[in-house]
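Heads up, the thing below is written out as C-alpha cells.
2 protein chains.
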Amino acid sequence: MKEKEQDKRIFLSHGSGGKLMHDLIRDLFRKKFANKILDQLSDSAFIPEIIPEHNRLCFTTDSYVVNPLFFPGGDIGKLAVCGTINDLCMVGATPLYLSCGFILEEGLELDILEKITDSMAASAKEAHVSIVTGDVKVVEKNKADNVFINTSGIGLRKNSLKLGKEYIEPGDQILINGYIGDHGTAVISARKDFRLETDIQSDCAALTDLTRKILNKGNHIKFMRDPTRGGMATTLNEIAFDTGFGVQIREEDIPVREETRAACEILGLDPLYLANEGKLVIIVGKKEAQGILKLMQSHALGKESRIIGEIVSEPERKVIMKTPMGASRILDMLIGEQMPRIC
Amino acid sequence: MKEKEQDKRIFLSHGSGGKLMHDLIRDLFRKKFANKILDQLSDSAFIPEIIPEHNRLCFTTDSYVVNPLFFPGGDIGKLAVCGTINDLCMVGATPLYLSCGFILEEGLELDILEKITDSMAASAKEAHVSIVTGDVKVVEKNKADNVFINTSGIGLRKNSLKLGKEYIEPGDQILINGYIGDHGTAVISARKDFRLETDIQSDCAALTDLTRKILNKGNHIKFMRDPTRGGMATTLNEIAFDTGFGVQIREEDIPVREETRAACEILGLDPLYLANEGKLVIIVGKKEAQGILKLMQSHALGKESRIIGEIVSEPERKVIMKTPMGASRILDMLIGEQMPRIC
Numbered sequence: 268m269k270e271k272e273q274d275k276r277i278f279l280s281h282g283s284g285g286k287l288m289h290d291l292i293r294d295l296f297r298k299k300f301a302n303k304i305l306d307q308l309s310d311s312a313f314i315p316e317i318i319p320e321h322n323r324l325c326f327t328t329d330s331y332v333v334n335p336l337f338f339p340g341g342d343i344g345k346l347a348v349c350g351t352i353n354d355l356c357m358v359g360a361t362p363l364y365l366s367c368g369f370i371l372e373e374g375l376e377l378d379i380l381e382k383i384t385d386s387m388a389a390s391a392k393e394a395h396v397s398i399v400t401g402d403v404k405v406v407e408k409n410k411a412d413n414v415f416i417n418t419s420g421i422g423l424r425k426n427s428l429k430l431g432k433e434y435i436e437p438g439d440q441i442l443i444n445g446y447i448g449d450h451g452t453a454v455i456s457a458r459k460d461f462r463l464e465t466d467i468q469s470d471c472a473a474l475t476d477l478t479r480k481i482l483n484k485g486n487h488i489k490f491m492r493d494p495t496r497g498g499m500a501t502t503l504n505e506i507a508f509d510t511g512f513g514v515q516i517r518e519e520d521i522p523v524r525e526e527t528r529a530a531c532e533i534l535g536l537d538p539l540y541l542a543n544e545g546k547l548v549i550i551v552g553k554k555e556a557q558g559i560l561k562l563m564q565s566h567a568l569g570k571e572s573r574i575i576g577e578i579v580s581e582p583e584r585k586v587i588m589k590t591p592m593g594a595s596r597i598l599d600m601l602i603g604e605q606m607p608r609i610c
Numbered sequence: 268m269k270e271k272e273q274d275k276r277i278f279l280s281h282g283s284g285g286k287l288m289h290d291l292i293r294d295l296f297r298k299k300f301a302n303k304i305l306d307q308l309s310d311s312a313f314i315p316e317i318i319p320e321h322n323r324l325c326f327t328t329d330s331y332v333v334n335p336l337f338f339p340g341g342d343i344g345k346l347a348v349c350g351t352i353n354d355l356c357m358v359g360a361t362p363l364y365l366s367c368g369f370i371l372e373e374g375l376e377l378d379i380l381e382k383i384t385d386s387m388a389a390s391a392k393e394a395h396v397s398i399v400t401g402d403v404k405v406v407e408k409n410k411a412d413n414v415f416i417n418t419s420g421i422g423l424r425k426n427s428l429k430l431g432k433e434y435i436e437p438g439d440q441i442l443i444n445g446y447i448g449d450h451g452t453a454v455i456s457a458r459k460d461f462r463l464e465t466d467i468q469s470d471c472a473a474l475t476d477l478t479r480k481i482l483n484k485g486n487h488i489k490f491m492r493d494p495t496r497g498g499m500a501t502t503l504n505e506i507a508f509d510t511g512f513g514v515q516i517r518e519e520d521i522p523v524r525e526e527t528r529a530a531c532e533i534l535g536l537d538p539l540y541l542a543n544e545g546k547l548v549i550i551v552g553k554k555e556a557q558g559i560l561k562l563m564q565s566h567a568l569g570k571e572s573r574i575i576g577e578i579v580s581e582p583e584r585k586v587i588m589k590t591p592m593g594a595s596r597i598l599d600m601l602i603g604e605q606m607p608r609i610c
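The listed protein sequences correspond, in order, to chains A and B.
At position 29 of the first sequence the residue is numbered 296 (this note's numbering), and the sequence of numbers has no breaks.
At position 89 of the second sequence the residue is numbered 356 (this note's numbering), and the sequence of numbers has no breaks.
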C-alpha cells in the first residue's frame, strides 16, 4: 500500500495523547533513542544510577528554537543534545541522562523530524548520554516554527571539585579552546534572506571529553563557561560582574577565522558577541595556564586554544580589550539583539 | 520616569543572552521562584539532596502549550508545575525539583508573564518543590503562541515500592479520584470561539499529598496513571495493551458532572476522552479496594472517588464499558483529535 504524501506530515492528532501519538513514540522516538530506561514508557523514567558518595547531582535545561533547523556543521537536534550536555560539563559534571520535549508545528514533514531525531541519537551516543524520557506536543500551523526542542539534563559532579567563580582571583589566566563566532556565522549564513556564501561550519560539539581531560589533570581549573548566546563578550562580562574583578583581554590573541571576520564585516556583526556551541572559556591560575593550554591544544576540540587575557583587580566589573595598537576598548554586555534564534 | 507601554512587552532581545535577558531573569524569574539553588545561576543547578540508600531517582519532562493561557481553575503556569509533579507522583516518587524552559513570542505583555510566574511559584510552593534551573528563548511574532513552557522534574522513589503494570492481574479493581473531563471542558469553554457559558473549573492540582497518603497506607497499590491527554479511555487502553488483560468498566459508576456532560453534548465531545489534570486512575487488589476508596474519599482531592471497574482476563487488550442497560461498548484509544492544545 502506497502512503499518500500527506500521511507523512505531522497532524494535530499526533499530539493528542491517542493512537497517532503512541505510534509516533513507538516508531520514531523509541526506535531512534533506543535504551532500556526510555522503554519503560512510564510517567517518569527510573534512573538506575546510584549516586556515589561525595558526589552531587546537577540539573539543567535549555530550549532550542534555532532557525533554520539545518545549518553547516549541525542542526537543531545536535544542538539540543550538545548544548545541554555542555551546560553540565561547565560545572564539572559528567552528563548522564537527557529528557527531550518536542513542540511540533502542524504540517511538519515526518522526514525532517526523523533527520532531527537521527542527529539527536548520534550526538547522544557519541557523548555517552541516554535520552530517557520525553514528550511531544503539536500546535496549529503558524503557532510555532517547525520544531522547538527542550532538553533537560542530569549529571554527576564530585564534591571535591574546586570549581566556581568564588575561586577566581586577579592574575588568573583566561583561555579559550579555539575560533569564536563560527556557530553564529554558520546559522546566519544559512538563512535564505542572507544568501551569504561561506564555508564556515558551526562549532557545535559536546565538550564532555575535553572537559573531563582538563579536570583529570588536577584541581587547577577555577571556572568554565560556554560562551553561547551573547558570545564571548557577554560571558566575560558575567565573570567580571559576578566576581567584582576586571577582565582584560588582548584582541590579537582572540582566535577568529578570517572567513568569520569577513562575513561579520559584511553583516555588521561582531564575532565577540556571536554564539558559540563548542567553545568554553576557562579561568586558571597563572602557574598552571601553560600546562592546561598544551593539554587543550592536544585535543581535537582545542587545537586552536589560546590564552587570551587575565583577571585584573581593576577596573572593577569591566571587560577591557587591548588593541594591537595599544588602545583600550570597553566590551559591554550585549545590549540589543545581534541576531535572534541562533540556538 | 514613566515607562512607555511598549517597554512592558517582550522583545527579541530578551532572549539574546545579553543585558535584557539578565534583567528579566533577575527581576522576574529569580524573584518569583526565589530559592538558593536557583540563585547559584550557574550553567547547571547543584542539587543538595543526598539520595538515601534504597532510593532511586526519577526524571520526567512535559511541554505545555495550552490555549488559552488562562482558564477557569488554572493557567499554563499552574498546569506546567502540577502536570510534571503528577508524572513523578504516578510512579510513586516524591517530587523535589523542577526546571522550567520558557519559549516566548515577541510582543508578549510582561504582565501576562508575571501572572504566569506568580502562578508557577504558588503551585510549586504548595507542592513543596523548588524551580531550580531555567531558560528563556524568544521567537518572532507568529512563530509561537504567547508562551510555551517546558518543565522537567526529578524526584525520589523508594526501591521497596511494588508499583508497576507488571503487578496488575485479573480481579484487580480500578479506581478514580473524582469527576472526569473537567479540565478539557474548562479549557474549551474558555476559548472565545466557543462562548460556552459554564461554571466548570479545571481540576488542575498537584497530587503529591493524595498519592503520598495512598502509598503510606501500605504496599497495596499496584499502578497509578494520570488520565491527561486522551482522557480516561486512553489511559485504560494503555493499561489493557501493556498488561495484555482486559479492562471492564461500568458506565454508571464513572463520575461525570452534569454540567460537563451537558457541555460535551453541545460540543460533540466525549468526557471519557477529555484531558484531566488532577485525576489519577489507580489499580488495586480486590481485598484492598474498599480501604483505599475510603482513604481517597477522605482527601480533599478525592471526595468523589469511585470504584469504576476491574481488570479481566478477557477480552485481551480491550476496554469494555458496560452500560446501565446491560449492553457492552468497546472503548478504543483516542484515534483523532478531540481538541488540540488542551495542556
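Cβ coordinates follow ideal geometry from the N, Cα and C atoms, glycine included.
query	result
Expressed to the nearest angstrom, what Euclidean distance is found between the alpha-carbon atoms of residue 456 (chain B) and residue 499 (chain B)?	20 angstroms
Note down, in chain order, every chain A residue with its Cβ under 7 angstroms from the Cβ of residue 323 (chain B).	313, 314
Tell me whether the beta-carbon of residue 418 (chain B) lies closer than 7 angstroms to the beta-carbon of residue 284 (chain A).	no
Is residue 318 (chain B) closer than 7 angstroms to residue 326 (chain A) when the C-beta atoms are compared?	no
Counting only beta-carbon separations shorter than 7 angstroms, does residue 484 (chain A) have a partner in chain B?	no
Determine the chain A residues that contact residue 358 (chain B) at a beta-carbon separation under 8 angstroms, and present them in chain order.	309, 310, 311, 313
With 7 angstroms as the threshold, decide whether the Cβ of residue 400 (chain B) is near any Cβ in chain A.	yes
Is residue 350 (chain A) close to chain B, meaning its C-beta is less than 7 angstroms from at least one C-beta of that chain?	no
Entirely within the segment 340 to 382 of chain B and at least 3 residues each: give me those beta strand (DSSP E) ranges in chain order.	361 to 372
Taking 6 angstroms as the limit between beta carbons, can you name the residues of its chain near residue 575 (chain A), skipping five residues before and five after?	441, 443, 516, 520, 521
Whether or not the segment 566 to 582 of chain A and the segment 376 to 392 of chain A are in contact is what I'm after, with contact meaning three or more pairs of Cβ atoms, one per stretch, closer than 8 angstroms; do they touch?	no
According to DSSP, is residue 314 (chain A) helix, strand or coil?	strand
Which residue marks the beginning of the alpha helix (DSSP H) containing residue 531 (chain B), and which one marks its end?	525 to 534
Among A:344, A:558, A:348, A:308, which residue has its Cα nearest to the Cα of residue 480 (chain A)?	A:558
What residue range does the beta strand (DSSP E) around residue 465 (chain A) cover?	Run containing residue 465 (chain A): none; DSSP gives neither H nor E here.
Compare the Cα-Cα distances from residue 367 (chain B) to each of B:380, B:420, B:392 and report the closest residue.	B:420
Confirm the yes/no value for this check: CB of residue 610 (chain B), any heavy atom of the ligand FAD, distance under 6 angstroms.	With respect to the ligand FAD, the structure shown offers nothing to examine, as it has no ligands at all.
If the criterion is Cβ atoms closer than 7 angstroms, does the pair residue 435 (chain B) and residue 510 (chain B) meet it?	yes
Does the segment 345 to 356 of chain A come within contact of the segment 305 to 313 of chain A, defined as at least 3 CB pairs closer than 8 angstroms?	no
Hey, residue 405 (chain B) and residue 489 (chain B) are a contact pair by Cβ (cut 8 angstroms); roughly how many whole angstroms apart?	45 angstroms between Cβ atoms; not a contact.
Give the DSSP bridge partners of residue 329 (chain B), in chain order.	B:418
For a cutoff of 7 angstroms on Cβ pairs, would you count residue 538 (chain A) as touching chain B?	no
Could you check which residue in A:408, A:355, A:494 has the C-alpha nearest to that of residue 363 (chain A)?	A:355
Report the rounded CA-to-CA distance for residue 495 (chain A) versus residue 503 (chain A), giving the unit in angstroms.	12 angstroms
Within the 7 angstroms Cβ cut-off, does residue 592 (chain A) reach chain B?	no
Using only the alpha-carbon positions, how far apart do residue 526 (chain A) and residue 466 (chain A) sit?	8 angstroms
Are the C-beta of residue 551 (chain B) and some C-beta of chain A separated by less than 7 angstroms?	no
Unbroken alpha helix (DSSP H) runs of length 4 or more, entirely within the segment 483 to 530 of chain B: which are they?	498 to 510
With DSSP as the reference, please indicate the residues paired to residue 324 (chain B) in a beta bridge.	A:314, B:423
Starting from the Cα of residue 428 (chain B), find the closest Cα among B:572, B:483, B:413 and give me that residue.	B:483
Using the C-alpha atoms, what's the distance from residue 530 (chain A) back to residue 391 (chain B)?	46 angstroms
For residue 268 (chain A), count the other beta carbons within 10 Å of its own beta carbon; 16 or more makes it buried, fewer makes it exposed. Which is it?	Here residue 268 (chain A) scores only 41 on pLDDT, less than 50, and its place in the model should not be relied on; the value that follows carries that caveat. Residue 268 (chain A) comes out exposed.
What are the residues in the segment 328 to 354 of chain B lying within 7 angstroms of chain A by C-beta distance?	328, 329, 330, 332, 354
From the DSSP output, which residues share a beta bridge with residue 557 (chain A)?	Note: residue 557 (chain A) sits in no beta bridge, so no partner.
Give every residue of the same chain whose Cβ lies closer than 8 angstroms to the Cβ of residue 547 (chain B), excluding the five residues on either side of it in the sequence, and list them in chain order.	353, 356, 357, 443, 444, 474, 477, 478, 491, 492, 493, 494
From residue 395 (chain A) to residue 598 (chain A), what distance separates their C-alpha atoms?	37 angstroms
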